[in-house]
Amino acid sequence: MSPELLFEQALNGLSFGALLFILAAGLSLVFGMMDVVNLAHGAFYMLGAYVALSVVQRTGSFWLALVVAPLALGILGVILEPLLLRRLRGRHLDQVLLTIGVSLVIVDQIGAIWGREVRSLAAPAGLDGSVPLVGGEYPVYRLFVIGFGVLLAAVVSVVHQRTKVGMLIRAGVEDAEMLGALGVNTDRLFAATFAVGAALAGLAGVVAAPVFGLQPGMDGDALIYSLVVVVVGGLGTLGGAIAGSALVGPADTFGKVLFQEFALAVIFAIVALVLLFRPTGLLGRIRVAR
Amino acid sequence: MTGLKKNGGTTTGNVAPPLGNADFAPFVTQIKNQPTKNVYSFFSGADAIGFIKTWNSLGLPAAGYKMYGAGFLTEQDVLKEVKDLANGAITSLFWAVELDNAENKSFVSAYQRQYTLLPDVFAVQAYDGMHALDEALKKIGADTSDPDKVSKALEDVSFKSPRGDFMFDKNTHNPVQDIYIREVKTQNGQTVNTISDKVAKVTDPGK
Amino acid sequence: MTAMLEVRGLHAYYGESHVLQGVDLTIEAGHAVSLVGRNGAGKTTTLSAIAGFLRPRRGVIRIGGVDVTGVAAHRVAHAGVALVPQGRRIFSDLSVHENLVVAARSVDGGWTEEKVIGLLPALGRRLAVSGDQLSGGEQQMLAIGRALMRNPRLLLLDEPSEGLAPKLVEEVGVALAHLRAGGLTILLVEQNLALASAVGERMYVMNKGAIVFSGAAAELAAAREIETRYLGI
Ligand SMILES: Nc1ncnc2c1ncn2[C@@H]1O[C@H](COP(=O)(O)OP(=O)(O)O)[C@@H](O)[C@H]1O
Ligand SMILES: [Mg+2]
Chain A
1 MSPELLFEQA LNGLSFGALL FILAAGLSLV FGMMDVVNLA HGAFYMLGAY
51 VALSVVQRTG SFWLALVVAP LALGILGVIL EPLLLRRLRG RHLDQVLLTI
101 GVSLVIVDQI GAIWGREVRS LAAPAGLDGS VPLVGGEYPV YRLFVIGFGV
151 LLAAVVSVVH QRTKVGMLIR AGVEDAEMLG ALGVNTDRLF AATFAVGAAL
201 AGLAGVVAAP VFGLQPGMDG DALIYSLVVV VVGGLGTLGG AIAGSALVGP
251 ADTFGKVLFQ EFALAVIFAI VALVLLFRPT GLLGRIRVAR
Chain B
1001 MTGLKKNGGT TTGNVAPPLG NADFAPFVTQ IKNQPTKNVY SFFSGADAIG
1051 FIKTWNSLGL PAAGYKMYGA GFLTEQDVLK EVKDLANGAI TSLFWAVELD
1101 NAENKSFVSA YQRQYTLLPD VFAVQAYDGM HALDEALKKI GADTSDPDKV
1151 SKALEDVSFK SPRGDFMFDK NTHNPVQDIY IREVKTQNGQ TVNTISDKVA
1201 KVTDPGK
Chain C
2001 MTAMLEVRGL HAYYGESHVL QGVDLTIEAG HAVSLVGRNG AGKTTTLSAI
2051 AGFLRPRRGV IRIGGVDVTG VAAHRVAHAG VALVPQGRRI FSDLSVHENL
2101 VVAARSVDGG WTEEKVIGLL PALGRRLAVS GDQLSGGEQQ MLAIGRALMR
2151 NPRLLLLDEP SEGLAPKLVE EVGVALAHLR AGGLTILLVE QNLALASAVG
2201 ERMYVMNKGA IVFSGAAAEL AAAREIETRY LGI
């Protein structure tokens, strides 16, 4: 492979990784805080993309969609958590099963509302072209995705490390029960966490739509990749989501190119290796079960 | 592939994304690693849309690459999403919305009246399937008590379809039909497959 | 006068296992009480039920006369209860400073970060250090300091001497004596009988999920057969 193509593939991998970060951050947050692997995360992602499609069709503004879709998903999250998950508090396996049910309902409703054929969303004006780059042209939108992912990671890291909210999140991820005994309303904290997780999934759906399109089955792909990222990076830690997506994005891209026949195997080989040598993930903590 | 080689062509390599693959960029970038600029692909539906959009965004048309493929690559379900991004693609299929025959004209206009969309090949297949069944049943007076009689009647069906003359190959039960070479063009604001050539009465070798 | 803590006929289960079998406990405001008993007697479970971690099946818990039976932990905290849990449960990802402020509930003239450091000087030198870098003694001081940041009316402590060197146990004792002198109501769960009787004016002995003895520290010391039967001395 020529250096130019290598560079282009690296950009492909990084933009995919940036998307994976947006996608996996919410899944990881919800798991860390609530001990729930939210299997509806992929459906939230899909719903975000379709809401964006409607917003763009109605208003023509991608940027409005980038705000509205995460907001809509956040509202859905803040309703679903108290309505459904809270009733099963402490019964983690039942909660996980419940999220599968939620995901089936959402995906089915998407089919009923938006139809089941393939749709696509154009990149916003200004980002829809290509720029000359070593090796030819490269789509501006994919460069935007890299920048957006990095910016989001930076903002989220600052919030995580430097703000009161971040402090509550770090404490809650470690020991939410203790945080409750210190006067923090964990019901509200959990609902807010679930809402933020859903909003991040929705955001990922909007950002991904111009690249990957909208189609039935996109929820499952998104869920599997985000699970891979959080398992590799370390469940429930922000650093883990960053490290996991930075590794899995490029690894998936180069895996597809170098070992075409084993494209998916490369990703799962990484998962297997990480689980074998670092069962808690690259940056995972050892969690003490209580 | 076999046909290409028999007629003196060669292939330089192949790139194989898994089905239902989300990100086409790694594969499209990899095409640039090939010595040829003629690329044959086999995609349909979501994959075709993803492939064509990525093909364009990575600048392959500007770099002189040419897209060929099986007709499903640029059927109307795909073209309504990618529009002129597919212009210039050359594909082969047994039908195209632009086909100039009486059956097709009335089929297309009836379909548009009903759904306000241009029909795609899948609509034609479903329509012909029902048409064949209808012809067969007419012939046996709708008496379906003997399954062998029904299948014999089906085998002998022949009619004028939107794709042209339609009949079944007695050996394989595949249709015997004309195959059209089509090029994607945007005309009057609609992106469609225009007919550039035709191979008459092709019998599918597969069983 | 209403008691600061009143526990009546408390029954609690882990699944099917009946752990608390009718616990009765009373602490008057401003008093310090120690709860002792063998490992597995149900002391931690009693504190968990009071703190709102575990919903009791029967019985009543009142804080300053207010019924808090079975309410969420944060509502118990808002009723004025703070817990120094067994195993300390420091937030290891948070700095010492953050561990203190995450709990803070400011009250005029009450505990502040400075006052906590005044009481527990070991913390003052480690404010920027993250929880997982602390020694066992430092973690224990932090757990006490964190609870004080709530400005509680009732302080629950679960085996604060566990795993500490004698000198550190002594420091904990000094701090608790200071808090008691300041009028804070204290429920101290301890296996260390010396510390328990130094802090608690009144002693409760627990066995198999029920209180089997209550009285002044001196009375317990005199009741040799209680000590041998329930405390294994
Ligand atoms: N989380 C739990 N699940 C099931 N049983 C428990 C749990 N915690 C404690 N127990 C059991 O409850 C009983 C009382 O435990 P605990 O209250 O921790 O005792 P203590 O604090 O007096 O040592 C013991 O038999 C213990 O094994
Ligand atoms: Mg205990």
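Chains as they are written, first to last, in the working numbering: chain A, 1 to 290; chain B, 1001 to 1207; chain C, 2001 to 2233.
The beta-carbon is built from N, C-alpha and C at its ideal position, and this holds for glycine as well.
Can you grab the Cα-Cα spacing for the pair residue i / residue j, in whole Å?
{"i": "C/L2123", "j": "C/P2152", "result": "20 Å"}
{"i": "C/G2080", "j": "C/L2020", "result": "24 Å"}
{"i": "B/P1061", "j": "A/T163", "result": "49 Å"}
{"i": "C/D2086", "j": "C/E2159", "result": "According to the sequence shown, residue 2086 of chain C is Gln rather than Asp. Roughly 6 Å separates the two Cα atoms."}
{"i": "A/L83", "j": "C/Y2230", "result": "47 Å"}
{"i": "A/L133", "j": "A/E8", "result": "9 Å"}
{"i": "C/R2055", "j": "C/A2049", "result": "6 Å"}
{"i": "C/G2065", "j": "C/L2005", "result": "8 Å"}
{"i": "A/A289", "j": "A/L6", "result": "Residue placement at A/A289 cannot be trusted, given a pLDDT of 43 that sits under 50; what the coordinates show is reported in the next sentence. About 44 Å."}
{"i": "A/F190", "j": "A/L93", "result": "17 Å"}
{"i": "B/L1118", "j": "A/G115", "result": "17 Å"}
{"i": "C/N2207", "j": "C/S2034", "result": "14 Å"}
{"i": "A/V158", "j": "A/L53", "result": "31 Å"}
{"i": "B/F1107", "j": "B/D1084", "result": "24 Å"}
{"i": "C/R2089", "j": "C/V2071", "result": "21 Å"}
{"i": "B/T1144", "j": "B/V1150", "result": "6 Å"}
{"i": "B/H1173", "j": "B/E1155", "result": "7 Å"}
Closest to residue i by C-alpha separation, out of the options, would be which residue?
{"i": "A/S103", "options": "A/R87, A/F190, A/I242 and A/A43", "result": "A/A43"}
{"i": "C/M2149", "options": "C/A2073, C/A2104, C/L2168 and C/V2060", "result": "C/A2104"}
{"i": "C/H2031", "options": "C/V2129, C/A2222, C/T2002 and C/V2116", "result": "C/T2002"}
{"i": "C/E2114", "options": "C/R2146, C/L2168 and C/E2006", "result": "C/R2146"}
{"i": "A/V274", "options": "A/V231, A/L264 and A/A251", "result": "A/V231"}
{"i": "A/G239", "options": "A/E4, A/I113, A/I22 and A/G77", "result": "A/I22"}
{"i": "A/A243", "options": "A/V211, A/G149 and A/P70", "result": "A/G149"}
{"i": "A/V30", "options": "A/N12, A/T99, A/V68 and A/A153", "result": "A/T99"}
{"i": "C/L2047", "options": "C/G2182, C/Q2140 and C/L2154", "result": "C/L2154"}
{"i": "B/Q1190", "options": "B/K1080, B/S1041, B/N1056 and B/A1123", "result": "B/K1080"}
{"i": "A/G205", "options": "A/A18, A/L235 and A/N12", "result": "A/A18"}
{"i": "A/G357", "options": "A/L247, A/S245, A/G233 and A/I224", "result": "Outside the displayed range of chain A (1 to 290) lies residue 357 of chain A, so it cannot be described from this structure."}
{"i": "C/Y2014", "options": "C/S2130, C/V2169 and C/F2053", "result": "C/F2053"}
Run the CB neighbour count on residue i, radius 10 Å, all protein chains shown included, and call it buried at 16 or more, exposed below.
{"i": "A/K256", "result": "buried"}
{"i": "C/T2228", "result": "exposed"}
{"i": "C/N2099", "result": "buried"}
{"i": "C/E2219", "result": "exposed"}
{"i": "A/Q215", "result": "buried"}
{"i": "A/I75", "result": "exposed"}
{"i": "A/L66", "result": "buried"}
{"i": "B/G1141", "result": "exposed"}
{"i": "B/R1182", "result": "buried"}
{"i": "A/P279", "result": "exposed"}
{"i": "B/R1163", "result": "buried"}
{"i": "C/Q2140", "result": "buried"}
{"i": "A/R361", "result": "Nothing about residue 361 of chain A can be reported from this structure: the residues present for chain A run from 1 to 290 only."}
{"i": "A/Q95", "result": "buried"}
{"i": "A/G101", "result": "exposed"}
{"i": "B/Q1030", "result": "buried"}
{"i": "C/K1959", "result": "Chain C is shown from 2001 up to 2233; residue 1959 of chain C falls before or after that span and cannot be answered."}
{"i": "B/P1147", "result": "exposed"}
{"i": "A/E81", "result": "buried"}
Within the same chain, show all residues whose beta-carbon is closer than 6 Å to that of residue i, passing over the 5 residues directly before and after it, in chain order.
{"i": "B/K1160", "result": "E1103"}
{"i": "C/R2058", "result": "H2011"}
{"i": "B/V1169", "result": "Reading off the sequence shown, one finds Asp at residue 1169 of chain B, where the question assumed Val. If we look at B/D1169 and ignore the five residues flanking it on each side, its Cβ neighbours are V1176 and T1203."}
{"i": "B/A1132", "result": "V1157"}
{"i": "B/F1043", "result": "F1051 and L1073"}
{"i": "C/L2156", "result": "L2047, L2083 and L2187"}
{"i": "C/A2041", "result": "M2206 and N2207"}
Going by beta carbon distance, what residues of the same chain come within less than 7 Å of residue i, once the five residues before and after it are set aside?
{"i": "C/G2232", "result": "R2038"}
{"i": "B/E1098", "result": "V1192, N1193, T1194 and I1195"}
Ordered along the chain, which non-local residues of its own chain (more than five positions away) have a Cβ less than 8 Å from that of residue i?
{"i": "C/D2024", "result": "V2007, R2008, G2009, L2010 and I2211"}
*With a cut-off of 5 Å, give the chain-ordered residues whose Cβ is closer than this to any heavy atom of ligand 1.*
Those residues, listed in chain order, are C/Y2014, C/V2019, C/N2039, C/G2040, C/A2041, C/G2042, C/K2043, C/T2044 and C/T2045.
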